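Here the structure is laid out as structure tokens; the discussion comes afterwards.
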Amino acid sequence: MMPHMDERFRPFINDYRINLLNPLEITDFSKFKTGLKPLFEVLKNASDEGKLNDLITKDETFTRVDVETVAAINLFVGTDIKYDEKEEVVNMCKAWDDHKKLGIQEGMKQGIQQGIQQGMKQGMQQGRCLEVYSLVQDGILDPEVGASRVSMSLDDFADAMQKAGYKLPEMV
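Here it is, written out as structure tokens:
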């Protein structure tokens, strides 16, 4: 069974039979009675968020998972399920729910931060426009120059000025 190799090395190499399991090909996980069952089930469903969520939240197996299995799941699946290393077992249903809530909170924080940044940018742009409208209304800037400074066509600029309560110098 071994490939061709230098005969001098044969005494140092064992030719043991190795059984490999591919979790993606397993259909009946009830045969597993150890931490391999939840590990293999999570590995099989890791690419489908909905199936993974259903599996962890509805399968009774996941209410008591040993910490080594949770660590393996985090490692192989790339999750970051929090657990207390001092405990022997983890309720993955609760840990998964906490994990989702933490993700939602982080998403909200990022969304708020992006909203603040976008609001500041829009506010600064609006303030710049109002300043240019005022300069045009006072005759300090020509309307064409004002429109150019706020990157608008002359017609759009005139409309925007009117909507903001300003008038073009010709109308004063």
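Numbering (our numbering), first residue to last: 2 to 173. Glycine residues also receive a C-beta, built at the ideal position from the N, C-alpha and C atoms. All values derive from a computational prediction rather than experimental measurement.
Judged by beta-carbon spacing, V43 lies within the 8 Å limit of V78, meaning their Cβ atoms are closer than that value. Checking the DSSP bridge columns, you'll see V66 partnered with V91. Going by beta carbons, N75 and D67 fall outside the 8 Å limit. Counting C-beta pairs closer than 8 Å gives three or more between the stretch 157 to 173 and the stretch 131 to 149, which meets the contact rule. In the assembly as shown, L103 is an exposed residue. Its beta-carbon has fewer than 16 other beta-carbons within 10 Å. About 13 Å separates the Cβ atoms of P39 and T58, ruling out a contact at the 8 Å cut-off. Residue state for S135 is assigned as helix, using DSSP reduced to three classes.
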